[in-house]
Amino acid sequence: MTNSFTNASAKDAGAAWLGGEFAGKLVVGNWKMNGLATDAKALVQALVAQGAGDKSLAPQGQGQGQSDVQLAICPPFTLLNPVRQWLGAAPLWLGAQDCHAEEKGAFTGNISAAMLRDAGCQLCILGHSERRQAGESSPQIAEKLAAALRHQLIPILCIGETLAERQAGQTLAVLAEQLASSLPFPLEGSGNSGGGATPAPIVLAYEPVWAIGTGLSATLDQIAEVHQFLRQQTAALGHVPLLYGGSVKASNAAEIMALGDVDGVLVGGASLNAEDFGQIAVAASTVLAGRSVSTAAA
Ligand code: PEP
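For the sequence shown, position 226 (counting from the first letter as 1) is numbered 227 according to this note's numbering, and the numbering increases by one without interruption.
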């Protein structure tokens with residue numbers, strides 16, 4: 002097994018996505034505040050043993066890299082370094098669950114984007130609803146996102162409506178507002194990661210608050226409507242990979258990822274079980290294989 006993904010710069014991968022070349026699926030595990038060393042080591046070893054992230058997951062006939070399933074796991078800060086070592090040469094990406102906006106200094110208890118990059122991260126989840134509910138604002142998230150980009154971390158920006166907002170018919174308006182105010186650059190397309198011509202590589206995760214950790218996933222129609230809307234909203238930024246998150250499990254992952262504008266999933270609870278997470282990865286691969294078959298037949 003080669004280590005192509007861990008050696009690749011996240012910025013390069015992001016640029017490939019934004020160039021419209023990303024036809025794969027990104028499956029990201031958010032461990033939240035779970036994991037002590039012994040259990041986490043067993044989980045990572047089980048993932049590696051079952052070939053998660055291996056090219057064996059790639060559908061037959063697909064090319065390397067951009068059409069494959071890319072797996073990532075986001076453990077708590079304390080486990081980033083050991084997880085990186087346990088992963089060895091396995092081509093999973095490593096991500097964090099948050100970062101601070103500042104470079105360094107008197108910010109007790111916080112972790113900077115530079116520290117995450119130094120720890121071997123390629124990704125960083127930002128704006129998760131559990132942090133928004135704890136008081137984090139969209140402008141603060143925008144500053145963190147800028148810090149992540151300065152340090153070549155791909156931010157996974159999370160947005161989502163509450164149940165009350167959905168029931169009031171405000172879903173798309175809430176998402177549009179959260180998206181626009183959580184970015185450190187305008188949605189109109191002049192965004193870049195620090196002066197270059199390439200738009201900033203970001204991943205956007207639609208996570209309805211009412212579906213997170215509740216076992217209640219959004220319906221396929223709801224996901225399709227929102228993702229189509231987000232595709233339009235982000236059109237000027239290039240191809241922004243769009244993830245769905247909210248009670249994704251092995252039994253619903255394939256039908257969700259088969260939706261046209263769903264480029265992958267952000268998985269909480271099910272990512273803590275190697276078999277479940279592996280099955281979600283296989284579901285991603287199966288969807289890609291199905292797509293390539295129907296494309297070939299067309
Ligand atoms: C999450 O925490 O981002 C999440 C989607 O959790 P769950 O899959 O458990 O709903």
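By construction, the Cβ of each residue, glycine as well, lies at the ideal position given by its N, Cα and C atoms.
What you are looking at is a predicted structure, and each value in this text was computed from that prediction instead of being measured.
Between residue i and ligand 1, is the CB less than 7 Å from at least one heavy atom?
i: Ile213; result: yes
i: Gly270; result: yes
i: Gly30; result: no
i: Ser248; result: yes
i: Leu243; result: no
i: Glu276; result: no
i: Leu267; result: yes
i: His228; result: no
i: Glu256; result: no
i: His240; result: no
i: Glu208; result: yes
i: Lys42; result: no
i: His152; result: no
So, is residue i buried or exposed, given that buried needs 16 or more other C-beta atoms within 10 angstroms?
i: Ser57; result: Its pLDDT being 45, under 50, Ser57 is placed unreliably in this model, and the value from its coordinates should be taken loosely. Exposed is the call here.
i: Glu208; result: buried
i: Gln71; result: buried
i: Ala38; result: exposed
i: Gln86; result: exposed
i: Thr109; result: exposed
i: His228; result: buried
i: Ser138; result: exposed
i: Ala102; result: buried
i: Ala297; result: Residue placement at Ala297 cannot be trusted, given a pLDDT of 40 that sits under 50; what the coordinates show is reported in the next sentence. Ala297 comes out exposed.
Assuming residue i and residue j form a contact by the criterion Cβ under 8 Å, report the distance between their Cβ atoms to the nearest whole angstrom.
i: Val29; j: Gly128; result: Not really, about 14 Å apart at Cβ, beyond 8 Å.
i: Leu217; j: Ser183; result: Rounded, the Cβ-Cβ distance is 24 Å, inconsistent with contact.
i: Arg232; j: Leu221; result: Actually they do not touch by this definition, with Cβ atoms about 16 Å apart.
i: Ser113; j: Cys100; result: 6 Å
i: Leu150; j: Ala201; result: 5 Å
Shorter than 8 Å from the beta carbon of residue i to some beta carbon of chain C?
i: Glu103; result: Checking the listed chains, one finds no chain C in this structure; it contains a single protein chain.
Run the proximity test for residue i: is its beta-carbon closer than 7 Å to any non-hydrogen atom belonging to ligand 2?
i: Lys26; result: Ligand 2 is not part of the structure shown, which contains ligand 1 as its ligands.
For residue i, which option in the options has the closest C-alpha, if you only look at C-alpha atoms?
i: Val45; options: Ala259, Ser130, Leu117 and Phe278; result: Phe278
i: Gln134; options: Val210, Asn35 and Ala120; result: Val210
i: Arg167; options: Glu226, Glu137 and Leu117; result: Glu226
i: Thr172; options: Val49, Ala102, Glu162 and Gly214; result: Glu162
i: Leu27; options: Ile203, Thr235 and Gln234; result: Ile203
i: Pro156; options: Ala212, Cys75, Thr287 and Phe230; result: Cys75
i: Gly239; options: Pro140, Ala177, Leu188 and Leu81; result: Leu188
i: Gly89; options: Ala47, Ser130 and Leu124; result: Ala47
i: Lys33; options: Ala107, Phe230, Glu104 and Arg132; result: Arg132
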